[in-house]
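Protein chains in written order, with full-length UniProt numbering: chain H, 1 to 288; chain L, 1 to 367; chain C, 1 to 291. Step one of this worksheet: look at the structure below.
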Amino acid sequence: MNLQAWRTQHQSESLHGYNFAFLDDSAKKEIRRSLLKAVAIPGYQVPFSSQEMPVARGWGTGGLQITLSLILPEDILKVIDQGCDDSVNAVNIKKFVAKVAEVNSTTDTQAATLIQTRHRIPEEPMSEGQILVLQVPYPEALREVEPSELETRRMHAEGDYARMWLYLYEDIVRYGEISISYRYPVTVNDHYIMDPSPIPRWDVPKLHMSEHLSLFGAGREKRIYAIPPYTRVEPLEFEDHKFRIEQFPVACSRCGSCNSYLDEIISDVDGSRQYFCSDTDYCDKRCA
Amino acid sequence: MAYVAVKGGRQAIENACDLLSYQLQKGTSKPLGLDQIEEQLYLGIDRIMSEAGLYAPKLAALALKQAAGDSFEASFMLRAYRATKSRLSHSQPLAMDKMRVIRRISAAFKEIPGGQILGPTSDYTLRLLDFDLLEDSESRRQAFREKLLSHLDPEVELPDSFPKVVEILRRDGLLVEKSTMEKESKPFDITRQSLTYPASRSATLQSLSRGETGGMLTLAYSSMRGYGNVHPFIGELRVGYVPLVVAHPETGEPYTVGEVKVTEAEAVAQYHDGTEDGPAKFTLGYGLCFGQNELKAISMAILDRTMRNEEGKSPVEDQEFVLSHIDGIEAMGFCNHWKLPHYVDFQSSLDRLRRTQKVGEPQESEL
Amino acid sequence: MEALLKARRLSKIFGPGCSLCNESTGPDFDTNVCPHCHSVVACNAVDFDLYPGEVLGIVGESGSGKSTLIKLAHFEWSATDGEMTLHRSGLPAALAELLADKADQYTCNLFGLSQFQQRQVRNALMGIVYQNPLLGLRMNVSSGGNIAERLLGAGWRHIGKMCDRASELLEKTEIPISRMDEPPKNFSGGMQQRVQIAKALSNNPLLLLLDEVTTGLDLSVQARVLDLIRSLQREFQLSMLVVSHDLGVINLLCNRTMVMKHGRVVESGLTDQILQDPQHGYTQLLVASQL
């Protein structure tokens, strides 16, 4: 085919030349199969083929593939990045999904049926029937103590977690505190140790016995895992050294919330510090 | 309200995208034609096709143009495009001895059956900037072509097939037999399955073949310098066009559907000890990639061999290490992702650090 | 008294193995390599019992299969054949239940367990000290942490209690408590062995495995480590399996001894008897050359 003909054909098709929700049906099927397996074995990392997306690896391709394999025309989508609906990654992904699946989107946590998120869980509790899709850069919670994938898979299979616990023990002996801040490892359903994605400690308790379904996608590392509704999710902690969430010295400067995760902002006028809700939808609702 | 800042991000993003387009179009030179890119920057095209894992010169040219010459971005676009295409068929194994050779050398033997064919390569050029190219023109090119072609004897024909150099070694019992290599009933498909370790040989070769040239060169170079050296010889390096044969979906009849330009490298390396199966023999490292990319094919052959060293201590002898780090598209995406906001995570780290500072300074003896 | 541990027909073959392996290797053929299939018969059909509080020695030269037995018992290698069972009376209730085999006094064959279960058994019941401290210790983790790792593996989750236990054990093994937060890489060879011993004892093991623990140490350091092991054995009534090529070590520690050559037990009995009145030609040679 000559170039001119090719160009005409492809231009006229535009994005309508792609399948609904971009992925071809066999790719969706494979992802959904992996999701089912992940739900059946909470916290277990299921390998999946992970297609290349037109979004770069590391920019939420795992979460995006889950979203695209699940989304239906009647879904209402919310996408957040660092708690914010309007941040770069969220805008990118929302734009793409809107283009290929033509679904309605919202910023309202309660109204959304499907929420894709990077590094935060919304402050407002989610309920049964809602799905939270988390973008994951490092699916392997044990990677900090063991670089080899072959070895970490063995450790999970045998429940050989002493080294992970030792890492925390040494932290406490050395610093008096566990140094892990975000990506705090959790035990799921009394079995697998799991990386909850780079959410802050603040969000970890929200995963425990939650009403909604949480799905985790790591595109670059090609892994999917899940926490079904009403599943035990416990941060690794010691009897005499309990897990603690972040503390903030003040309330949100905008909505006055004392019960939300805050971003610390350094004013460009006088260099003073102020704190604002990281979850912008939550903050907006309180101000409305 | 100082912050709430991130609001309005959407508009800023749109503007950034527009600026990128503007950057590409603001100059006064003529727009680059895809045919120009394909013909005159063909090595760039070859590299993109190989790293994308899609043989499509025109699309590669389009990607390179759109990416303003960034080969990482271009390979990425091409691979993402490939991912949306359904799989119609598998080709039959390539018959490498049927290659329409444009270049073929052996560094192991001076004389090889069929002869050494140097072909188009920059290997023997002086790397001097050619200032004549400042005055490049169609008539200048025309004159060069006429002069060159007038010297050629149109009667001389290349043979249809060149024997493989490594087969000579194999015939003499100096090279491991094919049969001692790992046999797989059905090749792994890295575009459909995620790699698990230890990776099968088909998965290994596919991953290498899609790897990023620079990354593979770096790793192979570390081996050449002594970190897990296998002392390779280039048994044979070929560049040329091989016919692509596909079986008819109903009749099973083989049909040639076209040809692909590839580079193939066979590195004869360090022998393994004799075993009960027989005496010591040379081993083979294999490299194959789309287009003419000799550095990549040779690097691949070396890595293919180093990864089979048992109990090696060097990075290149660790299959998981090599295969998890050579994909340029994955590496580039992840490196770029650090530019995304990490406010929440950084806030959490700040909280940890402040709390730890309160507990007390770490003691010297504990570090 | 009933045996704490029973091992029957323990065999380990490296290589493809063939029907002629067993009948063509061993001390009578002066090799453990099968001439037919080139497999290495590391040990073949070894039986032994270990009684509570007893120290059983396994002596032989390199390649005799003595370390293979330790690796099989510690589930580091999987046995080609054979079984190993434990008396259920000494086990924690949960584990005794898990490992039950009908109405038997003994557990099921531990070699038949999954790797997950074997790890549980190992964490709860076994301790091991290797010749090479690199195998038993994390050289960059504090000595206290090394001990805690075993406790963590056995399910301990209280930092204070683990620290207490670690300092108690380091005291017992004569490591100054002030050095508890130092990593073993800062220590001498003898000290590293003592940290390994402390680590191995941390979970109050039912069974302690010692693999050439003093090989490579200076003579005076050897004596100190052996003394320590002997006094700990008496204090805790430890049941131990001791592998050594050194009859001096065996003589000092072991009640009973098995002599191995080319993967077979050539002689076994009370240690005194074996040393004073060796029966097998190989044992005689060993005794004559070393004592």
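We treat Cβ as the ideally placed atom computed from N, Cα and C, and that holds for glycine.
What does DSSP give as the partner residue(s) for residue i in the beta ladder?
| i | result |
| --- | --- |
| Gly26 of chain C | C:Thr31 |
| Gly287 of chain L | L:Ala265 |
| Leu241 of chain C | C:Leu56, C:Leu209 |
| Phe216 of chain H | H:Leu134, H:Tyr225 |
| Ile128 of chain C | C:Leu209 |
| Glu234 of chain H | H:Thr187 |
| Met260 of chain C | C:Val265 |
| Cys84 of chain H | H:Asp81 |
If I measure Cβ to Cβ from residue i and keep anything under 6 Å in the same chain, skipping five residues before and after, which residues do I get?
| i | result |
| --- | --- |
| Val46 of chain C | Leu10, Val265 |
| Leu215 of chain H | Ile66, Val133, Ala226 |
| Gly312 of chain L | Gly228 |
| Val230 of chain L | Ala269, Gln270, Arg305, Thr306 |
| Ser12 of chain H | Confidence in Ser12 of chain H is poor, its pLDDT being 35 and thus under 50, which makes the residue's placement unreliable; the coordinate value appears in the next sentence. Within the same chain, Ser12 of chain H has no close Cβ partners at all. |
| Pro232 of chain L | Ala267, Ala269, Ile302 |
For residue i, decide whether its Cβ has a neighbour in chain H, counting only Cβ atoms nearer than 8 Å.
| i | result |
| --- | --- |
| Gly136 of chain C | no |
| Ser348 of chain L | yes |
| residue 294 of chain C | Only positions 1 to 291 of chain C appear in the structure, and residue 294 of chain C is not among them; the question remains open. |
| Gln40 of chain L | no |
| Pro341 of chain L | yes |
| Val359 of chain L | yes |
| Gly127 of chain C | no |
| Phe76 of chain L | yes |
| Pro187 of chain L | no |
| Ala2 of chain L | Confidence in Ala2 of chain L is poor, its pLDDT being 37 and thus under 50, which makes the residue's placement too unreliable to answer from. |
| Asp164 of chain C | no |
| Ala124 of chain C | no |
| Gly160 of chain C | yes |
| Asn336 of chain L | yes |
| Glu149 of chain C | yes |
| residue 403 of chain L | A query on residue 403 of chain L cannot be resolved here, the shown segment of chain L reaching from 1 to 367 and no further. |
At a Cβ threshold of 8 Å, is residue i touching chain L?
| i | result |
| --- | --- |
| Ala56 of chain H | yes |
| Leu166 of chain H | no |
Short of 7 Å in beta carbon distance, which residues of its chain neighbour residue i, apart from the five on each side in sequence? Order them along the chain.
| i | result |
| --- | --- |
| Lys261 of chain C | Pro27, Gly60, Ser64, Tyr282 |
| Ile190 of chain L | Ala203, Gln206, Ser207 |
| Pro35 of chain C | Ser24 |
| Gly15 of chain C | Cys37, His38, Ser39, Val40 |
| Arg8 of chain C | Asp47, Gly82, Glu83 |
| Val141 of chain C | Pro183 |
| Ala94 of chain C | none |
Just checking: is the beta-carbon of residue i within a distance shorter than 8 Å of some beta-carbon in chain C?
| i | result |
| --- | --- |
| Glu158 of chain H | yes |
| Ala162 of chain H | yes |
| Val133 of chain H | no |
| Asp24 of chain H | no |
Are the CB atoms of residue j and residue i within a distance shorter than 8 Å?
| i | j | result |
| --- | --- | --- |
| Pro198 of chain H | Tyr182 of chain H | yes |
| Leu152 of chain C | Arg165 of chain C | no |
| Ala301 of chain L | Tyr286 of chain L | yes |
| Glu221 of chain H | Pro147 of chain H | no |
| Arg82 of chain L | Glu177 of chain H | no |
| Tyr197 of chain L | Glu320 of chain L | yes |
| Val242 of chain L | Leu43 of chain L | no |
| Asp30 of chain C | Val173 of chain H | no |
| Gln92 of chain L | Val246 of chain L | yes |
| Ile112 of chain L | Val165 of chain L | yes |
| Leu77 of chain H | Leu23 of chain H | no |
| Phe124 of chain C | Asp49 of chain C | Strictly speaking, residue 124 of chain C in this sequence is Ala, with Phe absent from that position. Not in contact: Ala124 of chain C and Asp49 of chain C (Cβ atoms no closer than 8 Å). |
| Arg57 of chain H | Ile13 of chain L | no |
| Ile105 of chain L | Leu288 of chain L | no |
Excluding the 5 residues flanking residue i on each side, which residues of the same chain have their C-beta closer than 8 Å to its C-beta?
| i | result |
| --- | --- |
| Arg230 of chain C | Leu252, Leu253 |
| His248 of chain L | Pro254, Tyr255 |
| Asp211 of chain C | Ser67, Ile70, Ile128, Val129, Tyr130, Gln131, Val243 |
Requested in this report: Please confirm if the stretch 41-51 of chain L is in contact with the stretch 16-26 of chain L, defined as three or more CB-CB distances below 8 Å between the two stretches.
Outcome: Counting Cβ pairs under 8 Å, fewer than three are found: no touch.
Requested in this report: Give a yes or no on contact between the stretch 80-90 of chain H and the stretch 230-250 of chain H, applying the rule of three or more CB pairs nearer than 8 Å.
Outcome: As far as the Cβ criterion goes, the stretch 80-90 of chain H does not touch the stretch 230-250 of chain H, which means the pair count is below three.
Query raised in the report: On the three-pair Cβ rule with 8 Å, is the stretch 62-76 of chain H touching the stretch 272-283 of chain H?
Result: No, the stretch 62-76 of chain H is not in contact with the stretch 272-283 of chain H.
**Report entry** Sufficient close CB pairs (3 or more, under 8 Å) joining the stretch 342-351 of chain L to the stretch 253-267 of chain H
**Finding:** Three or more beta-carbon pairs separated by less than 8 Å link the stretch 342-351 of chain L to the stretch 253-267 of chain H, which places the two stretches in contact.
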